[in-house]
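Start counting the sequence shown at 54; every next residue gets the next number (this note's numbering). Note that CB positions come from ideal geometry on N, CA and C, so glycine has one too.
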Amino acid sequence: MANKSNLKRIRDILLSDTNDTDDDITDDQESDLDSDFDTSAIESDDTSADEHISEESDSSNSDTGENDIFTNSQPETIEKAGVTWSSYQNKKNSRISAAKIMKIKSGSSTKVQTILDSFKLFFTDELLDDIVFHTNRYAEQCFDQIQRSRQEFNTTKLKSRRWIPMDRVELESFIGLLIQSGINRSNHELLSELWDISQSRPLYRATMSLQRFKYLLRFIRFDDRQGRNKTDRLAPVRHMFERFVKQLPRHFIPSENLTIDEQLVPFRGRCRFVQYIPKKSVKYGLKFWVLSDADSRYVLSIDLYTGKKDNIIQKDLRTNVVLHLVDQLPNNVKQGRSITFDRYFTDLKLSEALMDRKMTSVGIVEHKRSFLPNELKLCRKELFASWFYFSGPHMLLSYQAKEKKKPVVLLSSAHEFAEVFDDEKRLPCAIHDYNQTKGGVDAIDQCIENYTVRRISRRWPMVVFYNMIDIGAINAMTIWLCQNSSWNVKRTNTRRIFLTQLSKALTNLQLQCRSKEVRLMPKATGSLSNGVDLQDIHHQASNQNKKNRYFKRICCQYLPVCLFLFLLAIFLLIAGIAAMLVALIGIPKTITTTTAATTTATTTTTTTTTTTTATTTTASMTTATSKATFAFLSVYIHE
54 MANKSNLKRI RDILLSDTND TDDDITDDQE SDLDSDFDTS AIESDDTSAD
104 EHISEESDSS NSDTGENDIF TNSQPETIEK AGVTWSSYQN KKNSRISAAK
154 IMKIKSGSST KVQTILDSFK LFFTDELLDD IVFHTNRYAE QCFDQIQRSR
204 QEFNTTKLKS RRWIPMDRVE LESFIGLLIQ SGINRSNHEL LSELWDISQS
254 RPLYRATMSL QRFKYLLRFI RFDDRQGRNK TDRLAPVRHM FERFVKQLPR
304 HFIPSENLTI DEQLVPFRGR CRFVQYIPKK SVKYGLKFWV LSDADSRYVL
354 SIDLYTGKKD NIIQKDLRTN VVLHLVDQLP NNVKQGRSIT FDRYFTDLKL
404 SEALMDRKMT SVGIVEHKRS FLPNELKLCR KELFASWFYF SGPHMLLSYQ
454 AKEKKKPVVL LSSAHEFAEV FDDEKRLPCA IHDYNQTKGG VDAIDQCIEN
504 YTVRRISRRW PMVVFYNMID IGAINAMTIW LCQNSSWNVK RTNTRRIFLT
554 QLSKALTNLQ LQCRSKEVRL MPKATGSLSN GVDLQDIHHQ ASNQNKKNRY
604 FKRICCQYLP VCLFLFLLAI FLLIAGIAAM LVALIGIPKT ITTTTAATTT
654 ATTTTTTTTT TTTATTTTAS MTTATSKATF AFLSVYIHE
């Protein structure tokens with residue numbers, strides 16, 4: 054019971070920031086993604102609009118014509134495509150009973166100590182090191198090429214900047230800044246505004262410089278371009294993407310209800326498999342197939358659709374997509390699960406294939422399916438009437454939801470009997486279960502949209518990387534809440550708090566490294582010492598050096614004047630001490646008269662000359678000293 058309450062709390066947290074996506078099956082509206090994507094981007098030539106179910110009309114809600122047949126009588130048996138359907142189900146089916154046995158309870162299967170540990174279950178050190186290796190290699194090649202081109206054309210800028218190698222710590226801090234920008238919903242702001250101190254965002258400048266962040270956005274790569282498989286459309290991200298996908302089902306055991314649906318990530322750059330879906334608010338983007346837990350919204354598997362191969366439509370695409378996602382789950386996790394999908398995937402052959410894997414399925418059926426008998430497509434006069442038909446482990450349900458509308462048809466292998474609610478609408482239990490579990494992926498899309506890390510990019514591999522970060526953050530929070538059920542129970546913005554702490558954990562080590570650097574820009578030093586929480590840092594060099602670089606330059610400029618004034622003060626001090634000694638000791642009186650007279654005359658002349666010279670020198674020195682002091686004080690007071 055405690056485990057179910059944790060999953061319910063996780064679902065409520067993810068839905069607290071979203072709209073109600075779990076509409077009834079009888080509603081006419083369709084839940085779509087919201088996006089602020091730039092509409093001025095380039096459209097793709099390669100689209101697969103004809104393969105997408107959202108472009109097909111919803112035949113269950115279409116109006117009936119004059120030639121439509123209205124009937125109230127339910128036949129006992131019907132047959133279509135060699136399959137006989139009966140309206141009676143007298144005994145339990147053993148295949149359904151075996152497919153409903155769950156061997157493992159749902160919940161987290163990996164223990165974590167910190168929020169950062171939960172995120173690094175998916176972005177492992179091996180995956181990050183691989184990205185670091187390919188990024189450094191590509192950046193060094195670009196910088197070497199720039200250096201050779203400058204030397205070839207004899208330009209004046211021969212001393213080009215060399216690439217400073219990136220390490221895993223810096224890559225983690227880069228991801229942390231992306232998450233922080235998603236928290237603040239500043240994905241579409243200029244980078245210069247994010248690094249502006251006047252807007253009170255010290256974390257960005259304290260973590261890395263603006264130029265360094267731009268370099269990482271530009272040079273980050275996920276594979277070796279020279280060794281890339283040219284026939285593989287997913288080659289630029291395949292190695293990284295497959296590593297990430299393998300980690301998804303390893304750390305969480307889902308509940309009995311799973312959901313498969315599509316995810317459209319906004320993108321308008323040059324790509325051969327950009328999808329166009331006019332009914333979506335985004336319309337253009339990369340299409341992902343997602344398998345998620347219907348209760349906790351945990352993403353168990355994901356696959357990127359790369360379009361048609363050689364302009365040939367793939368046969369049984371629906372079945373292949375579902376089985377590919379399901380087969381990535383461990384065998385002990387598959388058994389006992391029920392999958393809910395929309396009318397695009399629902400098929401009798403797919404339901405049979407899932408039953409062979411001891412899994413059940415529920416889905417709405419399109420009226421144009423070849424296995425659907427014509428009797429179930431007929432509009433009935435009795436409102437809220439239901440027809441049930443059975444064939445082996447499968448059940449077909451036809452429900453008249455609206456007047457003068459074609460009925461809703463549902464195929465299920467998870468329901469053994471004809472059960473309806475005892476209320477006004479007499480809603481069948483199968484449709485109720487479908488409504489409760491069909492919105493898992495839609496809720497994930499909306500949850501990602503609230504705090505997404507995506508930035509506008511012309512490179513589709515970066516869009517895949519951004520989506521991986523978003524999904525990894527959602528799964529990390531699910532695992533963390535499963536093991537820490539009392540964490541921030543009374544807070545309503547739990548996900549925002551989780552992402553904030555995750556961003557700080559990813560950037561904390563980079564902040565420690567930068568705080569030990571002596572040569573830092575004044576603004577970065579100020580960001581480190583003001584507004585950034587560095588609880589684990591014992592050495593803070595920013596507090597030891599309080600002067601900024603500007604005043605250091607002023608001191609160096611007027612260093613000769615300072616030295617002259619210092620030496621003059623010492624000279625005057627020595628002269629004063631000597632005068633005091635002479636006044637105290639006095640002059641000896643053992644001198645002859647002649648010598649005294651001569652000496653007196655000479656002394657008088659010398660004294661007069663010396664006095665005149667000293668007076669002139671002193672005046673000159675005083676004037677120079679006054680000018681220098683006035684200049685120094687003027688600059689200092691001005692600044």
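Check the DSSP bridge columns for Trp-440 and list the partner residues they point to.
-> In the sequence shown, residue 440 corresponds to position 387, counting from 1. Bridge partners of Trp-440: Ser-451.
Since Lys-133 is in the beta strand (DSSP E), which residue starts that stretch and which ends it?
-> Residue 133 sits at position 80 when you count from the first residue of the sequence shown. That run of the beta strand (DSSP E) goes 130-133.
So what does DSSP say about Gly-629, is it helix, strand or coil?
-> Taking the first residue of the sequence shown as 1, we reach residue 629 at position 576. The answer is helix: DSSP assigns Gly-629 an H, G or I state.
Using only alpha-carbon positions, find the residue among Ala-259, Asp-346, Phe-341 that is nearest to Ile-1.
-> Residue 1 cannot be examined here, being either before or after the span of the chain that is shown, 54 to 692.
For the alpha helix (DSSP H) that Ile-524 lies in, which residues bound it at each end?
-> If you number the sequence shown from 1, residue 524 lands on position 471. That run of the alpha helix (DSSP H) goes 513-536.
Every unbroken beta strand (DSSP E) inside the segment 337-394 [3 residues or more] | 337-346, 352-357, 391-394
Do you know offhand how far His-592's Cα is from Leu-169's?
-> Counted from its first residue, the sequence shown places residue 592 at position 539. Counted from its first residue, the sequence shown places residue 169 at position 116. Because the pLDDT at His-592 is just 37, under 50, the model does not fix this residue reliably, and the value given afterwards should be weighed accordingly. Rounded to whole angstroms, His-592 to Leu-169 spans 23 Å at the Cα level.
Output the distance between the C-alpha atoms of Val-461 and Asp-400, rounded to the nearest integer angstrom.
-> Translated into positions along the sequence shown, residue 461 becomes position 408. Translated into positions along the sequence shown, residue 400 becomes position 347. Straight-line Cα distance between these residues: approximately 15 Å.
Burial state of His-377, where buried means 16 or more other Cβ atoms lie within 10 Å = Here the question's residue 377 lines up with position 324 in the sequence shown. Under this definition His-377 is an exposed residue.
Delimiting residues of the alpha helix (DSSP H) encompassing Glu-246 = As a position in the sequence shown, residue 246 is number 193, starting the count at 1. Its alpha helix (DSSP H) spans residues 244-247.
Name the two residues that bound the continuous beta strand (DSSP E) containing Ser-465.
-> Reading the sequence shown from its first residue, position 412 is the one you call residue 465. Here the beta strand (DSSP E) through Ser-465 covers 461-465.
So, Phe-272 versus Tyr-191, is the Cβ gap smaller than 8 Å?
-> Here the question's residue 272 lines up with position 219 in the sequence shown. Here the question's residue 191 lines up with position 138 in the sequence shown. A contact, by the Cβ cut-off of 8 Å.
Would you mind reading off the limits of the beta strand (DSSP E) that contains Ile-313?
-> Locating residue 313 in the sequence shown gives position 260, where the first residue counts as 1. Annotation: the continuous beta strand (DSSP E) that includes Ile-313 extends over 310-319.
Who pairs with Pro-289 in a beta bridge, going by DSSP?
-> Translated into the one-based positions of the sequence shown, residue 289 becomes position 236. Paired residues: none, contrary to the question.
When you compare only the Cα positions, how much space is there between Gln-316 and Glu-405?
-> Start at 1 with the first residue of the sequence shown, and residue 316 comes out as number 263. Start at 1 with the first residue of the sequence shown, and residue 405 comes out as number 352. Spanning the two alpha carbons is a distance of roughly 26 Å.
Answer with buried or exposed for Ser-451, where buried requires no fewer than 16 other C-beta atoms within 10 angstroms of its C-beta.
-> Counted from its first residue, the sequence shown places residue 451 at position 398. Answer is buried; the Cβ neighbour count reaches 16.
Expected contact under 8 Å - CB spacing of Ile-524 and Val-352 to nearest Å = Position 471 of the sequence shown, counting from 1, holds the residue named residue 524. Position 299 of the sequence shown, counting from 1, holds the residue named residue 352. Indeed, because the Cβ distance is near 5 Å, the residues count as touching under 8 Å.
Could you tell me whether any Cβ in chain B is nearer than 8 Å to the Cβ of Asp-495?
-> Structure shown: chain B not included; a single protein chain is present.
Which whole-angstrom value is the C-beta distance of Gln-388 and Pro-302, which I expect to be below 8 Å?
-> Translated into the one-based positions of the sequence shown, residue 388 becomes position 335. Translated into the one-based positions of the sequence shown, residue 302 becomes position 249. About 14 Å separates the two Cβ atoms, so there is no contact after all.
Give a yes or no on whether the C-beta atoms belonging to Ile-532 and Ser-159 are separated by under 8 Å.
-> The residue you call residue 532 lines up with position 479 of the sequence shown. The residue you call residue 159 lines up with position 106 of the sequence shown. The Cβ atoms of Ile-532 and Ser-159 lie no closer than 8 Å to each other.
With burial defined as no fewer than 16 other Cβ atoms inside 10 Å of the residue's Cβ, what is the status of Lys-173: buried or exposed?
-> Taking the first residue of the sequence shown as 1, we reach residue 173 at position 120. Classification for Lys-173: buried.
Cβ neighbour criterion (16 or more within 10 Å) applied to Phe-441 | For this step, residue 441 is matched to residue 388 along the sequence shown. Label assigned to Phe-441: buried.
Thr-560 lies in the beta strand (DSSP E); which residues open and close that run?
-> Residue mapping note: residue 560 aligns to position 507 of the sequence shown, counting from 1. Premise fails: Thr-560 lies in the alpha helix (DSSP H), 547-568, not in any beta strand (DSSP E).
Starting from Tyr-329, follow its DSSP beta bridges and name the residues at the other end.
-> By 1-based counting over the sequence shown, the position of residue 329 is 276. Beta-bridge pairing links Tyr-329 to Tyr-337.
Among residues of its own chain, excluding the 5 on either side of Phe-320, which ones have a beta-carbon nearer than 7 Å to its beta-carbon?
-> Here residue 320 corresponds to residue number 267 of the sequence shown, with the count starting at 1. These residues qualify, in order along the chain: Val-327, Tyr-337, Gly-338, Leu-339, Trp-513, Val-516.
Looking only at its own chain, which residues have a Cβ that is under 7 Å from the Cβ of Thr-137, when we skip the five neighbours before and after it?
-> Here the question's residue 137 lines up with position 84 in the sequence shown. Only Thr-130, Ser-444 meet the Cβ criterion.
Do the segment 230-239 and the segment 251-270 touch if we need at least three Cβ pairs shorter than 8 Å?
-> yes
Ile-644 (DSSP reduced to helix, strand or coil) | The residue you call residue 644 lines up with position 591 of the sequence shown. Any reading at Ile-644 needs caution, since the residue's pLDDT is 39, under 50, leaving its predicted position unreliable; the model's value is listed next. Coil at Ile-644, not helix or strand.
Is the segment 407-415 touching the segment 391-398 in the sense that three or more CB pairs, one from each, lie closer than 8 Å?
-> yes
If you run the structure through DSSP and keep just helix, strand and coil, what is Cys-482?
-> Here residue 482 is taken as the residue at index 429 of the sequence shown, counted from 1. In the structure shown, Cys-482 falls within a helical segment according to DSSP collapsed to helix, strand and coil.
Alpha carbon of Glu-39 to alpha carbon of Tyr-358, nearest angstrom | It is not possible to answer for residue 39, since the shown part of the chain is limited to 54 through 692.
Using only alpha-carbon positions, find the residue among Lys-333, Arg-281, Asn-373, Lys-361 that is nearest to Ile-313.
-> Residue 313 sits at position 260 when you count from the first residue of the sequence shown. When each option's Cα is compared against that of Ile-313, the closest is Asn-373.
For Pro-481 versus Glu-469, is the C-beta distance shorter than 8 Å?
-> Translated into the one-based positions of the sequence shown, residue 481 becomes position 428. Translated into the one-based positions of the sequence shown, residue 469 becomes position 416. No; because the gap between Cβ atoms is not below 8 Å, this pair is not in contact.
Classify Thr-167 as buried or exposed, calling it buried when 16 or more other Cβ atoms lie within 10 Å of its own Cβ.
-> In the sequence shown, counting from the first residue as 1, residue 167 sits at position 114. Answer is exposed; the Cβ neighbour count stays below 16.
Whole-angstrom Cβ separation of Arg-548 and Met-530, contact assumed at under 8 Å?
-> In the sequence shown, counting from the first residue as 1, residue 548 sits at position 495. In the sequence shown, counting from the first residue as 1, residue 530 sits at position 477. So it is a contact: roughly 6 Å between Cβ atoms.
Taking only the alpha-carbon atoms, compute the straight-line gap between Cys-566 and Met-261 and give it to the nearest angstrom.
-> Locating residue 566 in the sequence shown gives position 513, counting from the first residue. Locating residue 261 in the sequence shown gives position 208, counting from the first residue. Between the alpha carbons of Cys-566 and Met-261 lies a distance of about 11 Å.
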